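According to my numbering, the sequence shown is numbered sequentially starting from 117.
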Amino acid sequence: MNTNAPTLRQFQDRFPTEEACLDHLFQVRYGTDFACPKCDRPAKYSRVKARRAYQCNWCANQLYPTAGTPFDRTRTSLRDWFYVMFLFTTTRNGVAAKRVQREIGVTYKTAWRMCDQIRSYMAALDSDDPIGGEGEVVQIDETFIGGKGKRHNMRANKTVVIGMMENGGELVTRVVASTRKNDLLPQVQAFVLPGTEVHTDESSSYRTLHNLGFTHKKVNHSIQEYVGADGRTVNALEGFWGMLKRGIYGTHVSVSAKHFRSIWASIAGTCGGCRT
Ligand SMILES: [Zn+2]
């Protein structure tokens, strides 16, 4: 494994065009092997010209991989966003807006705003404050990160990460030893305040949550993209950061497991069960 930070050259080779950036977001968010959320057939999506969208070849459903991300709300190109994120992950002492202004040729205001959003994202990753509480909803899920292998062996050698996300709020992720109850529930107790309405999948590990002071609702995930059982994740930024951090630290877990809250929220929003 490459334990050095990616070089600018590697970065440019990986993301030479706007197209490549968007493809990356699409791949990371939906994967290559998923069922179309609308028609449920094995998805075959093609790029829609002149839009940041992909369309199902069967039913014409459109997916926007930047939906719900900061990339969606600005006119700044994905390449510029990716480049500034690259700067952040490869610069030890932070990135000055002046430098961004100069290097990608945007106004100081735009440069400042980009840096600010990236910084808040990074800060959110490091937060350890408990989430939830009375009247709040927290979604909890696990994902498998890293490792290689064919489908039949897909969970071998992978790291298990539990993610807890308050609807519209903070996210906490932790590496755990397994998906067993004894490994998951202490994390929930450590980071989710009692009284919270907690949503999980059908996993039996969560069966006793209601005994711990939580209101527990189970969802039946008909679309599994964000579960990431094959190690893939649905999170555009997660994948992007993961790739860069893998390069920087030679290990991946703590960062590639992080879910960017708005993406998670937008994915969760497509799962009917999560809102019940
Ligand atoms: Zn379809």
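Every residue, glycine too, gets a C-beta built ideally from N, C-alpha and C. Every value quoted in this text rests on a predicted model; they were computed, and no experiment measured them.
| When we look at the beta-carbon of residue 196 and count the other beta-carbons within 10 Å, is it buried (16 or more) or exposed? | Burial state of residue 196 is buried, judged by a 10 Å Cβ sphere holding 16 or more other Cβ atoms.
| What separation, rounded to the nearest whole angstrom, lies between the Cα atoms of residue 198 and residue 288? | For residue 198 and residue 288, the distance between alpha carbons rounds to 24 Å.
| task | For residue 299, name the three-state secondary structure that DSSP assigns. | result | DSSP places residue 299 in helix when its eight states are reduced to three.
| said: Just to confirm the assignment, what range does the alpha helix (DSSP H) spanning residue 218 have? | reply: Bounds of the alpha helix (DSSP H) holding residue 218 are 213-220.
| query | Which whole runs of the alpha helix (DSSP H) in the segment 163-215 are 4 residues long or more, in chain order? | reply | Entirely contained in the segment 163-215, the alpha helix (DSSP H) runs reaching 4 residues are, in chain order, 194-206.
| field | Local Cβ density within 10 Å of residue 194, reported as buried at 16 or more and exposed below that | value | Its Cβ being crowded by 16 or more others within 10 Å, residue 194 is buried.
| query | For the segment 287-301 against the segment 310-327, are there 3 or more C-beta pairs whose distance is under 8 Å? | reply | Cβ pair count under 8 Å is three or more, so yes.
| query | Span of the alpha helix (DSSP H) holding residue 125? | reply | That run of the alpha helix (DSSP H) goes 124-130.
| request: Would you mind stating whether residue 315 and residue 253 have Cβ atoms separated by less than 8 Å? | output: Judged by beta-carbon spacing, residue 253 lies within the 8 Å limit of residue 315, meaning their Cβ atoms are closer than that value.
| said: Does residue 210 pass the burial test, meaning 16 or more other C-beta atoms within 10 Å, or should it be called exposed? | reply: Per the 10 Å Cβ criterion, exposed.
| If you measure from each residue's Cβ to the nearest non-hydrogen atom of ligand 1, which ones come out under 7 Å, in chain order? | Going along the chain, the residues that qualify are 152, 154, 155, 157, 159, 172, 174, 175 and 177.
| query | Do residue 234 and residue 201 have their CB atoms nearer than 8 Å? | reply | Taking 8 Å as the Cβ cut-off, residue 234 and residue 201 qualify as a contacting pair.
| query | What's the gap between the Cα of residue 204 and the Cα of residue 143? | reply | The alpha-carbon atoms of residue 204 and residue 143 are separated by roughly 23 Å.
| Who are the Cβ neighbours of residue 228 in its own chain at under 7 Å, not counting the five residues just before and after it? | These residues qualify, in order along the chain: 213.
| Thinking C-beta only, is residue 138 closer than 8 Å to residue 161? | No, Cβ-Cβ distance for residue 161 and residue 138 is not below 8 Å.
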